[in-house]
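2 protein chains.
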Amino acid sequence: MNDRIFLSDDELPRAWYNLAADLPGGMLPPLGPDGTPARLEQLAAIFPEELIAQEMCGDRWIDIPEDVRTLLARWRPSPLHRARALEAALGTTARIYYKNESVSPAGSHKPNTAVAQAYYNKRAGVKKLTTETGAGQWGSALAFATALFGLECKVYMVKSSYDQKPYRKMMMQTWGASCVPSPSRETQAGRAMLAEDPACPGSLGIAISEAVEEAVADGSGKTKYALGSVLNHVMLHQTVIGLEAKKQLAKAGEREPDQVIACVGGGSNFAGLAFPYAADKIAGSKVEIIPVEPESCPSLTKGSFLYDLGDVAGMTPLLPMYTLGHKFMPPTMHAGGLRYHGMSPLVSAGLKAGLFSPRAVSQLDCFEAGVVFARSEGIIPAPESSHAIAQVIKEANKATAEGKDTVILCGLSGHGIMDLAGYAAYFAGELSNYALPPEVIARSLACTEAFPRIS
Amino acid sequence: MNDRIFLSDDELPRAWYNLAADLPGGMLPPLGPDGTPARLEQLAAIFPEELIAQEMCGDRWIDIPEDVRTLLARWRPSPLHRARALEAALGTTARIYYKNESVSPAGSHKPNTAVAQAYYNKRAGVKKLTTETGAGQWGSALAFATALFGLECKVYMVKSSYDQKPYRKMMMQTWGASCVPSPSRETQAGRAMLAEDPACPGSLGIAISEAVEEAVADGSGKTKYALGSVLNHVMLHQTVIGLEAKKQLAKAGEREPDQVIACVGGGSNFAGLAFPYAADKIAGSKVEIIPVEPESCPSLTKGSFLYDLGDVAGMTPLLPMYTLGHKFMPPTMHAGGLRYHGMSPLVSAGLKAGLFSPRAVSQLDCFEAGVVFARSEGIIPAPESSHAIAQVIKEANKATAEGKDTVILCGLSGHGIMDLAGYAAYFAGELSNYALPPEVIARSLACTEAFPRIS
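Below is the structure:
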């Protein structure tokens, strides 16, 4: 009778899955400013040793420390739901399941890595973590995790979001973090921006520069930096999502999914659900794995596979990834978590290896899908998650038209109750679509021309 | 290793527990305007038959319909957590557990009854439900439940909250409900209030009058009214909370709790956790059951047990309850769910029978407790729930001082991420305490003098 598929606490995975171990062709290294592979010392200034080791690791499985599992177990294993009400609303022949990451205390999948990162930093004697946040999901997840470990936390929040989303800031404050609008007067990078433009609304790239600068400036090693997506160790920590989903589908007596669908921005939510299925695909499975991105920020479907910077200001190494160019300014939209110019190198390498079938969807399709989901399944999805749902609805309708019983697994990365202003704007008819024109992308990629090329 | 105690879906209770069956001395009837027991027809205008039957029922157990169980199973059984991090933060000898109702899609315990009420109305051929809401927890829970059953939903939201809490309104709208500020121009009661005072900020009493009026005015029987607390059938539907908690503590190998602590406004959250333990107490258990209310709205600790109206405008029968007088205007505070002049007749009768030991706590103690909880357990509690936590901390500290291993079970009625403005005001030092002076209560009770007395 139950459409929520349970796992007991014992079934919480004991190891993370590392796609790098299985990736056909392996991974290209990050490059330093001189074009040679980035050196460990460069990363050691901002990350603790154990996270750098995971970043570089070629092992297939990496044990999850028992203390991390205990904290994850406060809300994990997360539920897998059979979406019977959505199926009924669509009248589809497909069987739809969704993995519900909205049940974490911060409301998204982000705490899966925030807890792990806080743990390794605590073990390394770090006292304070700095980070950036755009819409606020990552900043609040790290504020949550650092509270559990008694670490200080400083979040540079993109100023336009800081002003528009006061609840996110209050959430971080309640967990004890300090949150400042970026650009701030607290760093050289911030002061330089403000000198140029006192009314600067900020960007993720500037906020990253400020957070990294603060970590590097504290020479004592007591302050480090944490990133919520893109890097290999972040993808790794999220794989509990897909590992659990596999067990849950088996428990439900369901066959392996025909399609695995998740939204993608920097890559961590998608990687979390999809990488364990990518392993199957490498081993011969026919599963179709679909990362879904906004048509206004289409790094996978319209970007190029290049060495590019992870941030605007050039504080990061050069990463081999699908990108729209590090100076690309994504148009404003209500899925702030997907507004990133680049893509996780692991996700990018997986696409290059033919494992993934990316799609781009429009903003209005996403909100329409989000409302259908809210009114059938009862959970208001984050605008990011509604990208996956919009694609699920398309695939389900296609299955119905073809009379197929396609099994679709969807990632629900978070709830949208901190993002209701977006829904209100949608109902008020204030939102529109914006497909990025090819000439804008071509211009935007020019900033990568000086970097080493991938042969 | 896990401090979250699981139940499988099979362990979701199959029947609700009805305290009325066991209450020493039984229940006094509600009275009509003429002072004689209220007649069924009066209730039939606003509630469907099956809910009226539950309201009057003397059976100990009432089966939960399978369709209701299936919907509750989307998030139930809710987790029971051992609060080890809170225990560590307090350095206490007590063992603290909390039942986490924040995991429902609407974020509180309210959907437990909203789903049941929507179900019975749907079966009775009702097409539309009207209700009132103060802070918005109940209104959003009913919007959620009516979406699942394809019912229309109209919520009269107290105007001051409507203006201050725009996210709640958007949440209801996303689930398809219509939400209007009360007093509105849509009812006689609303128009009369606006004629008197065009700037009227509204009150729960006025909003109830509007919602009931709309239901009564539709003579077709297609529109009914739904209430989120106070009445017997609402208490009944919430008992899944305590029934699950009992199973979970047993599963954890824990003894029966020494203290059961929950916040109380109209009574439904408290009743849900406490009534199954009240049954034990009637049977001889020594458990101490503590409803916790704000010192600014202290119906149980400072009110009188009287026949009084459930609303300001006199649309309800006279109910036998602890009350501060139906014209009492609770001072503004950040726990809107606890701002009610009266108390559930069942909770009131239980107190009269000596089953409960109520306490009142101050607003600042509550926010302080809420922050301690957020930074240790990682969940930001609703300001209502923080009343229970404040009392838990007092009891835990007392246990420590006495060297006792007291087992405390606490109800966490909901999360506070829609209430972060309250936390921000607390951090800014803008909040204060307000203990209601006895002379204000005496004056406020004068409005009940004309009603029949309880001998």
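Line order of the protein sequences matches chains C and S. Just so we're aligned: 363 in my numbering is position 301 of the first sequence, and the numbers increase by one with no gaps anywhere. Just so we're aligned: 276 in my numbering is position 214 of the second sequence, and the numbers increase by one with no gaps anywhere. In this text, a Cβ means the ideal position worked out from N, Cα and C, and glycines have one as well.
Chain C places no beta carbon closer than 9 Å to that of S/W123, leaving this residue out of the contacts. In the DSSP assignment, C/T363 falls within the alpha helix (DSSP H) that extends over S361 to K364. In the structure shown, C/H143 falls within a strand segment according to DSSP collapsed to helix, strand and coil.
Taking the beta carbon of S/G290 as reference, no residue of chain C falls within 8 Å; the closest one sits roughly 17 Å away.
Here the alpha carbon of C/T378 sits roughly 25 Å from the alpha carbon of C/W78. Only G432, V433, A436, R437, S438, E439, G440, I441 and I442 from the segment 416 to 446 of chain C bring a Cβ to less than 9 Å from some Cβ of chain S. When the beta-carbon positions are compared, S/K172 and S/E306 stay at least 9 Å from each other. The C-alpha of C/V502 lies about 24 Å from the C-alpha of C/D259. Setting aside the 5 residues that flank it on each side, C/P500 is surrounded in the same chain by K364, each with a C-beta closer than 8 Å to its C-beta; the list follows chain order. Within chain C, the residues whose beta carbon sits less than 8 Å from that of S/M233 are I442, I479 and L482, listed in sequence order. Within the same chain, S358 and Y496 come within 7 Å of S/P393 by CB-CB distance, once the 5 residues on both sides are set aside.
If you compare the alpha carbons of C/S265, C/L210 and C/Y181 with that of C/P127, the shortest gap goes to C/Y181. Checking the DSSP bridge columns, you'll see C/E194 partnered with C/Y218.
Per DSSP, C/V423 lies in no alpha helix (DSSP H) segment; the continuous beta strand (DSSP E) that holds it begins and ends at R421 to V423. With at least 16 other beta carbons inside 10 angstroms of its own, S/R144 counts as buried.
Only those residues of the segment 211 to 245 of chain C whose C-beta falls short of 7 Å from the nearest C-beta of chain S are listed: Y229, M232, M233, Q235, T236, W237 and G238. Between S/Y402 and S/L266, the C-beta gap is smaller than 9 Å, which places the two residues in contact.
For S/G169, a Cβ of chain C is located within less than 9 Å of the residue's own Cβ. The shortest CA-to-CA distance from C/A251 to any of C/M219, C/E276, C/F206 and C/A261 is the one to C/E276. Counting C-beta atoms within 10 angstroms of its own C-beta, C/G87 has fewer than 16 neighbours from the protein chains shown and is therefore classed as exposed. Non-local C-beta neighbours of C/P91 in its own chain, meaning closer than 6 Å and more than five positions away in sequence, comprise P99, ordered along the chain. Within the segment 393 to 407 of chain S, not one residue has a Cβ closer than 8 Å to any Cβ of chain C.
Along the length of the segment 396 to 475 of chain C, whole beta strand (DSSP E) runs at least 3 residues long occupy 421 to 423 and 469 to 474, reported in chain order. For a Cβ distance threshold of 7 Å, residue set V165 of chain S lies close to C/V165, ordered along the chain. Just measuring C-alpha positions, the residue of S/Y488, S/G432 and S/L191 sitting nearest S/A288 is S/L191. S/E272 is classed as buried because its beta carbon has at least 16 other beta carbons within 10 Å across all chains shown.
In this structure, C/Y218 is the residue among C/Y218, C/C325 and C/Q235 with its C-alpha nearest to the C-alpha of C/P245.
The C-alpha of C/L204 is placed about 33 Å away from the C-alpha of S/V354.
For the 9 Å CB-CB criterion, S/A239 and S/K216 form a contact. Under DSSP, S/N294 shares a beta bridge with no residue.
Contact with chain S is found for C/T132, since one of that chain's Cβ atoms lies less than 9 Å from the residue's Cβ.
Look at C/I516 here: in three-state DSSP terms it is coil, with no helix or strand label. Bounds of the beta strand (DSSP E) holding S/D125 are W123 to D125. Contact check for C/A314 against C/L142 passes: the beta carbons are separated by less than 9 Å. The bridge partners DSSP lists for S/V322 are S/I351 and S/L471. Neighbours of C/Y485 across chain S, judged by C-beta separation under 7 Å: M232 and T236.
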